[in-house]
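Asks: Chains as they are written, first to last, in the numbering used here: chain A, 405 to 548; chain B, 170 to 415; chain C, 15 to 69.
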């Protein structure tokens, strides 16, 4: 075996081992690497009082605004959770759109939000295209 | 491959290509900017803030592309000891770092109005920040040793080890819940982006790619000259009586 | 025209993005050109010195 060949195998083997190790570490850390939990996770874990983030869609028709206070429901279409928030909502905050909320689950089962972030989907299009898609009934749901 | 590994031959080919690539780069960036800022529609959800995408997304692609190229050049330099491969890797690093920095800052400027935050420690944003640190580490390491050979070798190994981060960046949005949205262009089932917005995006991407080639040629020229200067100086020291002290 | 510059209210976010892109890309291009030029000039000088020394 020539020295070049030996170096080639060494580098390839090194990358393979490194890739495998990274995959193992990332799998082990899976729970810590998610940015937010879904309302279903919340229902399963029921961790009242712990600071955490939840994400999902703002339920249609659930938003009630009172001055700077807002109440709405976040759903992942299986479970939903009520949210209380005081403050400025981001521009993309809309019913049916994705949101990520940081805060604590109160003892009354309502989530006290300290921060509300809007999550947007991967679709980009001009308004008229979106309108004609909606009109043609080809709209495949918001966000997610 | 071996035929192109000769620095003199590289310089000849690069010099012939240079004016054409420069002109094409300027043209695609000019057209890209025109469509990005003026001749493309606002987004149905995000309004005019979507125009940040035409800088942000090509910069992100280039950040990952340059790192992949740097890792590949480093592998060739380590395995086959081609002198040119090492110069190419070193010349790529600052270009990739600039694009990655641009991606992070423009992303922050986009995230503030749309998401409601400048920064979030989600998997996509964090792995992109790590990419910037890898570039900075590579550049620091390549110059950190008195013996250029050792600096080259350590930097090349760092480039290879750091390469595991690139697939993590690309698929972070699919593997974990992130604030960042999933891929819009390079995804199964075709792009989820209207063609009127895909055009400026691709023009800017082509412009950035050609910019990489232009600056790469300039930087490799400088690196080759630098290597020759070092050899000449060493020869002069030996001619003066073998005194190695600077 | 002012509508163009206001970017639908997102001027504060859109323009700095493009400005930073311009500054970074032009800056890197100029430093790369300057590095290539100064190195080439230095190399020519060293070569000339060497020729003078050898002859």
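For each residue, glycine too, the CB sits at the ideal point set by N, CA and C.
Predicted model, so just to flag it, every value in this text is computed and none were measured.
Apart from the five residues just before and just after residue 440 (chain A), which ones in its own chain have a Cβ nearer than 6 angstroms to its Cβ?
Replies: Taking the first residue of the first chain as 1, we reach residue 440 (chain A) at position 36. Excluding sequence neighbours, residue 440 (chain A) sits near 457, 458, 459, 504.
Asks: If you draw a straight line from the C-alpha of residue 407 (chain B) to the C-alpha of residue 302 (chain B), how long is it?
Replies: To locate residue 407 (chain B), count along the second chain from 1; it is residue 238. To locate residue 302 (chain B), count along the second chain from 1; it is residue 133. Rounded to whole angstroms, the gap between the alpha carbons of residue 407 (chain B) and residue 302 (chain B) is 39 angstroms.
Asks: Compute the Euclidean distance between the alpha carbons of residue 58 (chain C) and residue 48 (chain C), then round it to the nearest angstrom.
Replies: As a position in the third chain, residue 58 (chain C) is number 44, starting the count at 1. As a position in the third chain, residue 48 (chain C) is number 34, starting the count at 1. Cα to Cα, residue 58 (chain C) sits roughly 15 angstroms from residue 48 (chain C).
Asks: Could you work out which residues of chain C lie near residue 395 (chain B), taking near to mean beta carbons separated by less than 7 angstroms?
Replies: In the second chain, residue 395 (chain B) corresponds to position 226, counting from 1. Correct list: 53.
Asks: Since residue 65 (chain C) meets chain B, which of its residues come closer than 7 angstroms, beta carbon to beta carbon?
Replies: What you label residue 65 (chain C) is simply residue 51 of the third chain in a count that begins at 1. For residue 65 (chain C), there are no C-beta contacts with chain B under 7 angstroms, since the nearest C-beta of that chain is about 11 angstroms from it.
Asks: Here's the rule: buried if 16 or more other CB atoms are within 10 angstroms of the residue's CB, otherwise exposed. What is residue 153 (chain B)?
Replies: Outside the displayed range of chain B (170 to 415) lies residue 153 (chain B), so it cannot be described from this structure.
Asks: Using a beta-carbon distance below 9 angstroms, is residue 415 (chain A) in contact with chain B?
Replies: By one-based count along the first chain, residue 415 (chain A) stands at place 11. True, the Cβ-Cβ gap to chain B drops below 9 angstroms.
Asks: Taking the straight line between their C-alpha atoms, what separation do you get for residue 494 (chain A) and residue 215 (chain B)?
Replies: One-based indexing of the first chain puts residue 494 (chain A) at position 90. One-based indexing of the second chain puts residue 215 (chain B) at position 46. Near 11 angstroms, if we compare the C-alpha coordinates of residue 215 (chain B) and residue 494 (chain A).
Asks: Does the stretch 252–262 of chain B come close enough to the stretch 389–399 of chain B to have 3 or more Cβ pairs within less than 8 angstroms?
Replies: yes
Asks: So, does the CB of residue 31 (chain C) fall closer than 9 angstroms to a CB anywhere in chain B?
Replies: Residue 31 (chain C) sits at position 17 when you count from the first residue of the third chain. So, interface residue.
Asks: In the structure shown, what three-state DSSP assignment does residue 490 (chain A) receive?
Replies: Reading the first chain from its first residue, position 86 is the one you call residue 490 (chain A). DSSP places residue 490 (chain A) in strand when its eight states are reduced to three.
Asks: Could you pull the start and end residues of the alpha helix (DSSP H) that residue 473 (chain A) belongs to?
Replies: Sequence index remark: in the first chain, residue 473 (chain A) carries index 69 (1-based). In the DSSP annotation of this structure, residue 473 (chain A) is not part of any alpha helix (DSSP H); the continuous beta strand (DSSP E) holding it starts and ends at 473–479.
Asks: Output yes if chain C places a C-beta closer than 9 angstroms to the C-beta of residue 225 (chain B); else output no.
Replies: Residue mapping note: residue 225 (chain B) aligns to position 56 of the second chain, counting from 1. Yes, because at least one Cβ of chain C sits closer than 9 angstroms to the Cβ of residue 225 (chain B).
Asks: Helix, strand or coil: how does DSSP classify residue 305 (chain B) here?
Replies: One-based indexing of the second chain puts residue 305 (chain B) at position 136. Here residue 305 (chain B) sits in helix by DSSP.
Asks: Give the secondary structure of residue 515 (chain A) by DSSP, where H, G and I count as helix, E and B as strand, and everything else as coil.
Replies: In the first chain, the residue the question calls residue 515 (chain A) occupies position 111. In the structure shown, residue 515 (chain A) sits in a strand (DSSP, three-state: E or B).
Asks: Can you give me the Cβ contacts of residue 547 (chain A) inside the same chain, cut-off strictly under 8 angstroms, excluding the 5 residues immediately before and after it?
Replies: Counting from one through the first chain, the residue named residue 547 (chain A) turns up at place 143. Low confidence applies here, because residue 547 (chain A) scores a pLDDT of 38, under 50, leaving its location unreliable and the question unanswered by this model.
Asks: Using beta carbons (cut-off 9 angstroms, strictly below), is residue 69 (chain C) in contact with chain B?
Replies: Translated into the one-based positions of the third chain, residue 69 (chain C) becomes position 55. Closer than 9 angstroms: no.
Asks: Could you list which residues in chain C have their beta carbon closer than 9 angstroms to that of residue 398 (chain B), in chain order?
Replies: Locating residue 398 (chain B) in the second chain gives position 229, where the first residue counts as 1. In chain order: 53, 56, 57, 60.
Asks: Which chain C residues sit within Cβ distance under 8 angstroms of residue 216 (chain B)?
Replies: For this step, residue 216 (chain B) is matched to residue 47 along the second chain. Here the neighbours are 22, 23, 24.
Asks: Suppose you measure from the CA of residue 229 (chain B) to the CA of residue 540 (chain A); what does that come to, to the nearest Å?
Replies: For this step, residue 229 (chain B) is matched to residue 60 along the second chain. For this step, residue 540 (chain A) is matched to residue 136 along the first chain. Computed Cα separation, rounded: 35 angstroms.
Asks: Should residue 413 (chain A) go down as buried or exposed, given a rule of 16 or more other Cβ atoms within 10 Å for buried?
Replies: Indexing the first chain from 1 puts residue 413 (chain A) at position 9. Residue environment analysis places residue 413 (chain A) among the exposed positions, since fewer than 16 neighbouring C-beta atoms fall within 10 angstroms of its C-beta.
Asks: May I ask which residues mark the beginning and end of the beta strand (DSSP E) holding residue 462 (chain A)?
Replies: Stepping through the first chain from its first residue, residue 462 (chain A) is reached at position 58. Looking at the DSSP string, the run of the beta strand (DSSP E) that includes residue 462 (chain A) is 455–462.
Asks: Going by C-alpha to C-alpha distance, which of B:196, B:180, B:175, B:188 sits closest to residue 374 (chain B)?
Replies: As a first step, residue 374 (chain B) is located in the second chain; it is residue number 205 there, counting from the start. Measuring from the Cα of residue 374 (chain B), the nearest candidate turns out to be B:196.
Asks: Taking the straight line between their C-alpha atoms, what separation do you get for residue 518 (chain A) and residue 485 (chain A)?
Replies: Along the first chain, one-based indexing puts residue 518 (chain A) at 114. Along the first chain, one-based indexing puts residue 485 (chain A) at 81. Computed Cα separation, rounded: 15 angstroms.
Asks: Between the Cα of residue 345 (chain B) and those of A:431, A:417, A:415, spot the shortest distance and give me the residue it belongs to.
Replies: Sequence index remark: in the second chain, residue 345 (chain B) carries index 176 (1-based). Checking every option, the nearest Cα to that of residue 345 (chain B) belongs to A:431.
Asks: Rounded to whole angstroms, what is the Cα-Cα separation between residue 353 (chain B) and residue 489 (chain A)?
Replies: One-based indexing of the second chain puts residue 353 (chain B) at position 184. One-based indexing of the first chain puts residue 489 (chain A) at position 85. Roughly 31 angstroms separates the two Cα atoms.
Asks: Per DSSP, what kind of secondary structure is residue 508 (chain A) in: helix, strand or coil?
Replies: Position 104 of the first chain, counting from 1, holds the residue named residue 508 (chain A). DSSP places residue 508 (chain A) in strand when its eight states are reduced to three.
Asks: Could you pull the start and end residues of the beta strand (DSSP E) that residue 469 (chain A) belongs to?
Replies: In the first chain, counting from the first residue as 1, residue 469 (chain A) sits at position 65. From DSSP, the beta strand (DSSP E) with residue 469 (chain A) extends over 468–470.
Asks: Using CA atoms only, rank isn't needed, just tell me which of B:382, B:332, B:378 is closest to residue 296 (chain B).
Replies: Numbered from its first residue, the second chain carries residue 296 (chain B) at position 127. Scanning B:382, B:332, B:378 for the CA closest to the CA of residue 296 (chain B) turns up B:332.
Asks: For residue 461 (chain A), would you say it is in contact with chain B, using Cβ-to-Cβ distances shorter than 9 angstroms as the test?
Replies: Start at 1 with the first residue of the first chain, and residue 461 (chain A) comes out as number 57. For residue 461 (chain A), the answer is no, since every Cβ of chain B falls outside 9 angstroms of its Cβ.
Asks: In its own chain, which residues sit with a C-beta less than 7 angstroms from the C-beta of residue 300 (chain B), not counting the 5 before and 5 after it?
Replies: Within the second chain, residue 300 (chain B) is the residue found at index 131, counting from 1. Only 232, 236, 269, 334, 338 meet the Cβ criterion.
Asks: Along the chain, where does the alpha helix (DSSP H) containing residue 366 (chain B) start, and where does it finish?
Replies: The residue given as residue 366 (chain B) occupies position 197 in the second chain. DSSP places residue 366 (chain B) in the uninterrupted alpha helix (DSSP H) bounded by 364–408.
Asks: Taking only three categories from DSSP, how would you classify residue 482 (chain A)?
Replies: Position 78 of the first chain, counted from the start, is the residue given in the question as residue 482 (chain A). Reduced to three states, the DSSP call for residue 482 (chain A) is coil.
Asks: For residue 46 (chain C) and chain B, any beta-carbon pair shorter than 9 angstroms?
Replies: Reading the third chain from its first residue, position 32 is the one you call residue 46 (chain C). Yes, residue 46 (chain C) counts as interfacial toward chain B.
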